[in-house]
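**Q** The opening position of the sequence shown corresponds to residue 1 in my numbering, with each subsequent residue numbered one higher.
Just so you know, even glycine gets a beta-carbon here, dropped at the ideal spot from N, CA and C.
Before we start, here is the structure in question, set down as structure tokens.
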Amino acid sequence: MSARLLAMALAPLLGLFIIALGNGFMSSLTTLRLDAAGESATTIGIVSSTYFIGLTLGAIFNDRLILRIGHIRAYTSFASLIAATILLQGLFYDTTWWSVLRLINGWAAVGVFLVIESWLLLAGDAKIRGRLLALYMIAFYGAGVIAQAGLGEITQLGESAPFMLAGMLAALSVLPIVILPRVSPLLDQVEPLKPRQLLGVAPSGLVGCFGSGVVIAGIYALLPLYLQRIGLDVGEVGNMMAWVILGAMLLQYPVGRWSDRKDRQDVLIALAALCMVLSLVTVFLPSHSALLPAMLFLLGGGVFALYPVAVSHAADRAPSDALVPMIQGLLLINSLGSAMAPLAISPAMTEYGEVGLFWAFAVVNLGMVCFFLWRRGKRPAAEHPAPFTASTTFSPTGAELRVTEDLMHAAQEHPPLQPAQASETAAQPDAR
1 MSARLLAMAL APLLGLFIIA LGNGFMSSLT TLRLDAAGES ATTIGIVSST
51 YFIGLTLGAI FNDRLILRIG HIRAYTSFAS LIAATILLQG LFYDTTWWSV
101 LRLINGWAAV GVFLVIESWL LLAGDAKIRG RLLALYMIAF YGAGVIAQAG
151 LGEITQLGES APFMLAGMLA ALSVLPIVIL PRVSPLLDQV EPLKPRQLLG
201 VAPSGLVGCF GSGVVIAGIY ALLPLYLQRI GLDVGEVGNM MAWVILGAML
251 LQYPVGRWSD RKDRQDVLIA LAALCMVLSL VTVFLPSHSA LLPAMLFLLG
301 GGVFALYPVA VSHAADRAPS DALVPMIQGL LLINSLGSAM APLAISPAMT
351 EYGEVGLFWA FAVVNLGMVC FFLWRRGKRP AAEHPAPFTA STTFSPTGAE
401 LRVTEDLMHA AQEHPPLQPA QASETAAQPD AR
């Protein structure tokens, strides 16, 4: 990678790393503080879901705001909102206001992602997007691992210390953006494919993205609650969450290489089945079992890999002119699953205790296994031209970052996708 490219990408990646260090443990901290205050699992689920609702709303509307006020001012505004919402959480406790603050935090967080991803898009062409994407993932997941692992030490500094530190980091993340050499990134309006069109292109991809969104949001929002209720202190909870994110970061590449050599629908079946088995094993695992970190590492790797494999499976079926709107549509489906997850899963924890979380994970993954097997029976394996691209969930602009030159070249063999054609395909029972 050239020195010029690194210089152009340094500011957004450094800003992302700094803000993710602070915002990375806020979901866990919010859940733990609500549980310590004696709130029910349902109440915790409601508060947690507002963050993912904010992410979804921001993914739909924030691009228009950025086009109106510009990237630098938009990033400064979003980072300031994140800092303010975090600091306000530390100033007072009220579940209603915390819900509002988490909603605003999610809306602002996806705005930060949108600015950074569009900046990276301008930094290089399709030939080097894969390397930019790798740097993005290292910055995002690396900051998440460090933040979760340090949660115990941070909370020992005082009750308000984690909120103060996270807010400070959000404010400091502005510095690389405004000090380092800047550019004016280009940003297009988001026009994702509609769910009916996505069903026509790749039903398994749509269901995989939705299901992975449900489980990933459950991990971020409710796994800390499970860990605290089985007797772990805050530091141990942070360490366990770090194992989950580390699994997500390290296992994507080997899973992706595997999916490039095998039919991706078979990989989706295997991943969902593995996550189901791991969830069931965790239900019956002793509370302080030495196997728990390994279970969470593998579960994080399996669940977080489901999303990029599902997207790559859909890309196998999409023509080149529909790649970006298709990935944007799948992202919004993933975000919808994330927004619904805490509200849907928390009643299971109220009814069955803390293990209700993993019973819910098992049910969601069982549903995906059944659907993927049904699709396999409807249509046999097909050759997949699209190479796997590891990723986390992005803003809609991040869909363009994923569309590398290799992916575009592989999709050239598909004819252009028209809305009417997609609708007709959706009505055909043998459409993949």
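Is it right to say P286 is buried, meaning 16 or more other beta carbons lie within 10 angstroms of its own, or is it exposed?
**A** Exposed, by the Cβ-count rule.
**Q** In the DSSP assignment, find the unbroken alpha helix (DSSP H) run with G167 in it and report its ends.
**A** Taken as a continuous stretch (DSSP letters only), the alpha helix (DSSP H) holding G167 covers A161 to L172.
**Q** To the nearest angstrom, how far is the alpha carbon of W97 from that of D260?
**A** When rounded, the distance between both Cα atoms is 46 Å.
**Q** Spatial neighbours of V283 within its chain, please: CB distance less than 8 Å, with the 5 preceding and 5 following residues excluded, ordered by chain position.
**A** Hits under 8 Å: V355, F358, W359 and A362.
**Q** Round the Cβ separation of A221 and S40 to the nearest angstrom and send it over; I've been treating them as touching at under 8 Å.
**A** Not confirmed; about 14 Å, so no contact.
**Q** Please report the straight-line C-alpha distance between G24 and A166, rounded to a whole angstrom.
**A** Approximately 9 Å, taken between the alpha carbons.
**Q** For the 8 Å Cβ check, are there 3 or more pairs between the stretch 206-221 and the stretch 297-313?
**A** Contact holds: three or more Cβ-Cβ distances are below 8 Å.
**Q** Sort L175, H288 and D266 by Cα distance to E236 and report the nearest one.
**A** Selected option, being the one with the closest Cα: H288.
**Q** Taking 7 Å as the cut-off, does the CB of G200 come closer than this to any heavy atom belonging to the ligand SAH?
**A** This structure lacks the ligand SAH; in fact it carries no ligand of any kind.
**Q** Please classify I230: does DSSP put it in a helix, a strand, or coil?
**A** Residue state, collapsed to three classes: coil.
**Q** Within 10 angstroms of the Cβ of L91, are there 16 or more other Cβ atoms? Answer buried if so, exposed if not.
**A** Result: exposed.
**Q** When burial is assigned at 16 or more other CB atoms within 10 Å of the CB, is A420 buried or exposed?
**A** A caution first: A420 carries a pLDDT of 37, below 50, which makes its placement in the model unreliable, though a value can still be read off. When all chains shown are included, A420 counts as exposed.
**Q** What is the DSSP secondary structure of Y307, counted as helix, strand or coil?
**A** If DSSP states are grouped into helix, strand and coil, Y307 belongs with the helices.
**Q** Count the other C-beta atoms from every protein chain shown that fall within 10 angstroms of the C-beta of L157, then say buried if there are 16 or more, exposed otherwise.
**A** So L157 ends up on the exposed side.
**Q** Which residue comes first and which comes last in the alpha helix (DSSP H) that contains T437?
**A** Outside the displayed span of the chain (1 to 432) sits residue 437, for which this structure offers no information.
**Q** Can you tell which of G337, M249, R102 and A314 has the C-alpha that lies nearest to the C-alpha of L298?
**A** When only C-alpha atoms are compared, the closest one is M249.
**Q** DSSP state of P224, grouped into three classes?
**A** Residue state, collapsed to three classes: helix.
**Q** Taking T155 as the reference, give the member of V255, G22 and T42 with the closest Cα.
**A** Ranking the options by Cα distance to T155, first place goes to G22.
**Q** For P254, count neighbouring C-beta atoms within 10 Å of its own C-beta (all shown protein chains included) and say buried if the count is 16 or more, exposed if not.
**A** Exposed.
**Q** Going along the chain, which residues of its own chain have a beta-carbon closer than 8 Å to the beta-carbon of A376, five neighbours each way excluded?
**A** It is worth fixing the name first, because residue 376 is Arg in this sequence and not Ala. Answer for R376: Q265, D266 and I269, listed in chain order.
**Q** Determine contact between the stretch 111-121 and the stretch 65-85, defined as no fewer than three beta-carbon pairs at a distance below 8 Å.
**A** These segments touch.
**Q** Just checking my contact of G205 with L330 at CB under 8 Å: how many whole Å lie between their CB atoms?
**A** About 6 Å; that satisfies the 8 Å criterion.
**Q** Quick check on D263: does DSSP put it in helix, strand or coil?
**A** Coil at D263, not helix or strand.
**Q** Do you know offhand how far I345's Cα is from V324's?
**A** Going by the C-alpha atoms only, they are around 31 Å apart.
**Q** Going by C-alpha to C-alpha distance, which of G300, L223, D263 and W258 sits closest to I44?
**A** Cα-wise, what sits closest to I44 is L223.
**Q** Can you give the Cα-Cα distance for M240 and S99, rounded to whole angstroms?
**A** One C-alpha to the other measures close to 25 Å.
**Q** Considering just the uninterrupted stretch of the alpha helix (DSSP H) at K378, what are its terminal residues?
**A** Looking at the DSSP string, the run of the alpha helix (DSSP H) that includes K378 is G356 to K378.
**Q** Please return the same chain residues whose Cβ sits closer than 7 Å to the Cβ of I146, not counting the five positions on each side in sequence.
**A** Closer than 7 Å at Cβ, skipping near neighbours: L21.
**Q** Could you check the C-alpha separation between C370 and V207 for me, to the nearest Å?
**A** Those two C-alpha atoms are separated by around 11 Å.
**Q** Taking just the CA atoms, how far does I327 sit from L133?
**A** Roughly 15 Å separates the two Cα atoms.
**Q** By the three-class DSSP mapping on this structure, what secondary structure does L135 have?
**A** Here L135 sits in helix by DSSP.
**Q** How is the alpha helix (DSSP H) around F52 delimited, first residue to last?
**A** Note, F52: alpha helix (DSSP H), A41 to I69.
**Q** Where does A422 land, buried or exposed, given buried means 16+ other C-beta within 10 angstroms?
**A** With a pLDDT of 40 at A422, under the threshold of 50, the predicted position of this residue should be treated as unreliable, though the coordinate-derived value follows. Result: buried.
**Q** Which residue's Cα is closest to the Cα of G300: A170, A202 and Y141?
**A** The residue with the shortest Cα to Cα distance from G300 is Y141.
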